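See below for the structure under consideration.
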């Protein structure tokens, strides 16, 4: 059986009842890496021998936990005590941390096998590092969690970790046709994860589908209620959804708009109660506010990089960081005040909706590897601090996914994941019909 | 002139106009360390030669910025590229980071001289590391920023950095009679600062008085408006203050209550408009909510410590961390929901007040070095995410300070600092009269 093709949820069942050995599963993932890595370039470091050894140990031991034998790709801005962590930057070439990031240690303890470190854009910002979209090698996988999205999409790992400060988990996941999940701000511990802009930095997750990402999140956050309910009746219950074109609608291309409208009709036909949601006028300022917040915080956060390593980071990143120094404290505070005001309004905006459905990108993944794509459909939702989950809503002119995202209220992640699962299933069913 | 006795603000004036050399000032601080460190034990590491060398360089160079020649004590949970960072724990003995924490790099760039790393309780939690209160060596300086508060109180440094997750900046500053400032959550960048509980961790500051701490904060946050206004008329304007006994009033001792009531009368007599503020009933749950949030987040954040270093951390810390594993995700979410609700209510609670005045500790610093004091007067305000500044409101039975704190609205730090300055001046004046 080609185990790399299965969802983590199905592999986990087999691993837990020992009908599948960890060694067999890990070997299947490594074979898949052998087959696809030379062209996809998802990994910064592969821990081949260590992973097989760990798998054999797991096979000799009692079941360690829910992650027993499942494989993980770790974005290269998560510290790992047994692998280098270089952040995609010459400034940290060969850097070896002394500790695991908190979520990595948690996943190890429940039996995850760490296959390797996945490629990040430089310091989880925008200069790309050569990863290609496994669905179409001439296109970008997006960023900054480029390697994580590509590794999951190429079926090399069960799961991968990401981070999101602008749109670094949702957009690459959407471009690669897999499920990205940006949890509520502070739902996942950040200890040992490299910081960019504290008030937006969020640990993200990438998996094959919504069930998998929820399963993964429950382990990572130590919060079992994030898992999808097992009762099929609960899962089948149609959600109330807000279709929302957002104030950034003009930035989407024609294909995205068509996918959005088609998806709305599909979800309604499938039984969802669908509302048209128009965001309040105050939300118009959020895209700029997020840019202000991130530039200000990033230029402060990178103070030591600017001071002692400016010759080692790429000129485009240096330039943008220096530009952040021009943002004033007053501009920053105004932006944060607007963000806080809109966060307070957001539950009322949602009204009786379980979640909103909005575009996750302006279109399909752009051609080329030098540009990780337009972040403008992600920034507002990162700033709002609530959960977001990517789902495929259609396919673009090059046959690549057009991603939507299901966004919810802060700390309402379980409900948002459940709504996203329902949306995902019904959109997948329609897309499968169209393609057959 | 005994420069170590002067405020940083006054020393800075002399350093900026070159009437005081950096070498002379640094030497004065080092002499002060020689005199008091053997009994106070504020430092984990002293960078004597490096500091003098840096001072001589500064004397040969153009003025680098506002911190030119001023001296800093750095809590030993801030990464420094040129000094070890051990977090007060055997688990990190000899650990040498590759980077400066963001705020440290920022302060270096504006000319600060890094005298050394100050003692922290273990991993900025509660097991103490032997620092003594410079005002009375038989008493604790408080914690977790024990060495930072003690070093400033003993006039060894111009400023010191701290952190606060429960009450780790305000309480030790209050116990040692200096000014602690816990800024609004996320006002200071945390890159390179060791994490405990993400949703509460805040970079804190310790200085001689409110003017100094505001000066220091403006440099650290790259936000000039945090400095006190120079116009004496603006500074003299009496604030509107809310006297608030809080729902934790029963935990304060008699001396603290007397100091609180006396201070209220003093501030009113000095011209402040004083309101009695009773917090809404919902705030009664915040102390427990904060404990729940911190225990849950800390036990997740310390996952690698638990996994690989549990034999190296002290049994009491291990035990408390393991206890945090018993908090459920649901309990955590309920606590966060209450916190968010109270944060939204807080601006209305303040009404026309510029800030509240509340106790900063239950009493004066307890006797002994094994206990860093009761955190219950600090936790609610850390959870509220707004600014807090400690001021001395009286003296206890052992002659040690009884600290109050001035707390304000989130991101309203400049106004809160201004109010705290006014409160500080008027309480100081009264205490000086009483003592003379």
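Residue numbers (the working numbering), protein chains in the order written: chain A, 1 to 436; chain B, 1 to 436. Note that beta-carbon positions come from the ideal geometry of N, C-alpha and C, so glycine has one too. Small disclaimer: the values here were computed from a predicted structure and weren't measured.
- In the DSSP secondary-structure assignment, residue 75/B is bridged to 118/B.
- By the rule that beta-carbons nearer than 8 angstroms mark a contact, residue 336/A touches chain B.
- Taking every protein chain shown into account, the CB of residue 350/A has 16 or more other CB atoms within 10 angstroms, so this residue is buried.
- Among the bridge pairs identified by DSSP, residue 46/A is matched with 116/A.
- By the neighbour-count criterion, in which a residue is buried when 16 or more other Cβ atoms sit within 10 angstroms of its Cβ, residue 19/A is exposed.
- Restricted to the region 196-250 of chain A, the alpha helix (DSSP H) segments that are unbroken, complete and at least 4 residues in length are 210-221, 232-236, listed in chain order.
- When DSSP states are grouped into helix, strand and coil, residue 393/B belongs to the strand group.
- Here the alpha carbon of residue 406/B sits roughly 42 angstroms from the alpha carbon of residue 122/A.
- At least one CB atom of chain B sits nearer than 8 angstroms to the CB of residue 223/A.
- By the rule that beta-carbons nearer than 8 angstroms mark a contact, residue 95/B touches chain A.
- One alpha carbon belongs to residue 261/B, the other to residue 204/A, and they sit about 49 angstroms apart.
- Within the model, the alpha-carbon separation for residue 177/A versus residue 207/B is close to 53 angstroms.
- Cβ neighbours of residue 379/A within its own chain (closer than 6 angstroms, five residues either side excluded): 166, 287, 290.
- Residue 11/A and residue 277/A have their C-alpha atoms some 39 angstroms from each other.
- Excluding residues up to 5 positions away in sequence, 170, 173, 174, 179, 180, 360, 403, 405 lie with their Cβ nearer than 7 angstroms to the Cβ of residue 390/B in the same chain.
- Using a Cβ-Cβ distance cut-off of 8 angstroms, the region 60-73 of chain B and the region 150-164 of chain B are in contact, since at least three pairs of beta carbons, one from each stretch, lie closer than that value.
- At a C-beta separation below 7 angstroms, residue 195/A has these neighbours in chain B: 190, 191.
- Distances from the alpha-carbon of residue 347/A to those of 292/A, 120/A, 334/A, 279/A put 279/A closest.
- Residue 316/A is positioned such that its CB atom lies no closer than 8 angstroms to that of residue 140/A.
- Those residues of the region 335-369 of chain A placed with their C-beta closer than 8 angstroms to a C-beta in chain B are 336, 337, 340, 344, ordered along the chain.
- Chain A places no beta carbon closer than 8 angstroms to that of residue 386/B, leaving this residue out of the contacts.
- Taking 8 angstroms as the cut-off, the beta carbon of residue 109/A is found closer than this to the beta carbon of residue 307/B.
- Per the coordinates, the alpha-carbon of residue 196/A lies some 19 angstroms from the alpha-carbon of residue 331/A.
- Straight across, the Cα-Cα distance linking residue 65/A with residue 111/A is about 6 angstroms.
- The shortest C-alpha to C-alpha distance from residue 294/A to any of 319/A, 309/A, 327/A is the one to 327/A.
- Note: residue 367/B is bridge-paired with 139/B in the DSSP secondary-structure output.
- Not flagged as an interface residue toward chain A: residue 157/B, since no C-beta distance is shorter than 8 angstroms.
- Contact fails between the region 208-215 of chain A and the region 243-252 of chain A, because fewer than three Cβ pairs, one in each stretch, are under 8 angstroms apart.
- Taking C-beta atoms under 8 angstroms as the contact rule, residue 198/A and residue 129/B fail to qualify, at a distance of about 27 angstroms.
- Residue 87/B places its beta carbon less than 8 angstroms from that of residue 77/B.
- Per DSSP, reduced to three states, the secondary structure at residue 25/B is helical.
- Within the model, the alpha-carbon separation for residue 425/B versus residue 3/B is close to 22 angstroms.
- Ranked by how close their Cα comes to the Cα of residue 427/B, the residues 388/B, 408/B, 210/B, 62/B have 210/B in first place.
- With a threshold of 8 angstroms between beta carbons, residue 151/A makes no contact with chain B.
- The beta carbon of residue 67/A sits closer than 6 angstroms to those of 107, 110, 111, 112, 219, all from its chain and outside the five residues before and after it, given in chain order.
- Residue 61/A sits exposed, since fewer than 16 C-beta atoms from the chains shown fall within 10 Å of its C-beta.
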